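See structure below.
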Amino acid sequence: MVLNAAKVALGIDQVQSRMLRGVLSARSRLVPCFTAPWQLTSQAQLCDEVPRISDIWRNDYQWSLPVTFLAETQPPTALQWARRRSPGLNHAQLHSLFRKRQIKLFLPSTAQVKSISERAQLPEGSQLLFPKQATAGQPASRSRSRSQPDLTTKAALALAEHLRQSVLHKDDELLVINKPAGLAVQGGPGVKLSLDKIMGSALSFGSLEQPRLVHRLDRDASGCLVIARTADSAAWLSQAFAQHATAASNPGAIYKGATVQREYIAMVEKSDHLAQNPQGVIKDPLMGPGGSLQPATTVYRVLHSNDAVALVQLTPKTGRNCIEMLDVL
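Straight run, no breaks: the sequence shown in this note's numbering ends on number 343.
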């Protein structure tokens, strides 16, 4: 039976520190898998690297950053990369420019510039060229033009300040926050205020790009939540979390790309089962779509305990939310 006051380990500094070290350690292992897409290159540097290109491409076009993507993933299409890296152009403008063949592709292997369709997949290292005439007067990023949530209510202002005080790590690519219990990550029926509605104003910290969700935590759970700060970091973080789910359903498969390991710390009422089995594997199936049972596996280990409660580490190997994990202990 779970203690109502502490379904998930909440304000324990040691646990928070341990979880954060795990997140940052995983991130340090991700970076060597690919060329870091957030390392910005100036227009002058781009032009210096392609001396054989005609002056018309240098002077009349704005160059995107070189294309990068995770190993063993599909390369982005021209439209996907343009939406991520275009100089403030909206979806309709991009479609129009692609239709008129005004967006070009630079191939560094041959130092050639050619027309590109929006559905074509882009090779790594290539760059899109946007006509400056079409981008004149556009903002540096489309993200900040999106509507911002109203922070005039006391509840919204208080939550925004609490979120800013809950940042455990911040760099140019990502944030790690200690999400408080009771806060829904995404809105839905009966949810008045959620993280996705307020984080654009609360957690931008002056960036031109809005923060992006790449995974979720249950509403009743607290703990480390990773938030992307750029479109590129959102792409590789989302892929890493998706690959975690794929690896869970295919335990024998080998993945060369980035993956993420989730870990939960929970405080539960000590039971006879935990007293007799301080570590083990939970294999109770979960109810899936259509009422079908689906296999679910979670490894658990008791970290500390006394006569009344136990602090348990849980590592889900297949899909299972934290409350479902606790209910079977």
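Just so you know, even glycine gets a beta-carbon here, dropped at the ideal spot from N, CA and C. Remember, it's a predicted structure, so these values are computed and weren't measured experimentally.
- Excluding sequence positions up to five before and after residue 288, its CB lies within less than 8 Å of the CB of 282, 316, 319, 324, 326 and 343, all in the same chain and listed in chain order.
- The alpha helix (DSSP H) runs lying completely inside the segment 205 to 236 and spanning 4 residues or more are 209 to 216, given in chain order.
- Taking a 10 Å sphere around the C-beta of residue 139, we find fewer than 16 other C-beta atoms and assign the residue as exposed.
- Between the segment 240 to 256 and the segment 176 to 188, the count of C-beta pairs closer than 8 Å reaches three or more; the two stretches touch.
- Collapsing the DSSP output to three states places residue 174 in a helix.
- Secondary structure note for residue 192: it is in no alpha helix (DSSP H), and the uninterrupted beta strand (DSSP E) holding it is 188 to 193.
- Straight across, the Cα-Cα distance linking residue 142 with residue 131 is about 11 Å.
- Comparing alpha carbon positions, the residue from 108, 145, 111 and 107 closest to residue 70 is 145.
- DSSP places residue 120 outside any alpha helix (DSSP H); the residue lies instead in the beta strand (DSSP E), whose first and last residues are 118 to 121.
- Judged by their CB atoms, residue 91 and residue 148 are not nearer to each other than the 8 Å cut-off.
- Runs of the alpha helix (DSSP H) lying entirely within the segment 269 to 309, each at least 4 residues long, are 286 to 290 in chain order.
- Between the alpha carbons of residue 74 and residue 124 lies a distance of about 21 Å.
- With contacts defined as CB atoms closer than 8 Å, residue 198 and residue 233 qualify as a contacting pair.
- Between the C-alpha atoms of residue 212 and residue 237 there is a straight-line separation of about 18 Å.
- The straight-line gap separating the alpha-carbon atoms of residue 307 and residue 95 is approximately 39 Å.
- When only Cα atoms are considered, residue 118 and residue 128 end up about 6 Å apart.
- In this structure residue 174 touches residue 216 by the C-beta definition: roughly 4 Å separates them, less than 8 Å.
- Assignment of beta-bridge partners to residue 239 by DSSP yields 191.
- Scanning its chain for C-beta atoms nearer than 7 Å, with the 5 sequence neighbours on each side dropped, one finds around residue 221 the residues 243, in chain order.
- Relative to the Cα of residue 80, the nearest Cα in the group 116, 108, 137 and 295 belongs to 137.
- Residue burial is scored here from C-beta neighbours: residue 321 has fewer than 16 other C-beta atoms within 10 angstroms and is therefore classed as exposed.
- Looking from the CA of residue 121, the closest CA among 111, 103 and 78 belongs to 78.
- Secondary structure of residue 167 (DSSP, three-state): coil.
- For the 8 Å CB-CB criterion, residue 332 and residue 313 do not form a contact.
- Nearest Cα to residue 296 within the set 311, 192, 182 and 113: 311.
- DSSP, read as helix, strand or coil, puts residue 252 in helix.
- Here the alpha carbons of residue 101 and residue 228 stand approximately 23 Å from one another.
- Looking only at 231, 209, 246 and 276, the smallest Cα-Cα distance to residue 172 is reached by 209.
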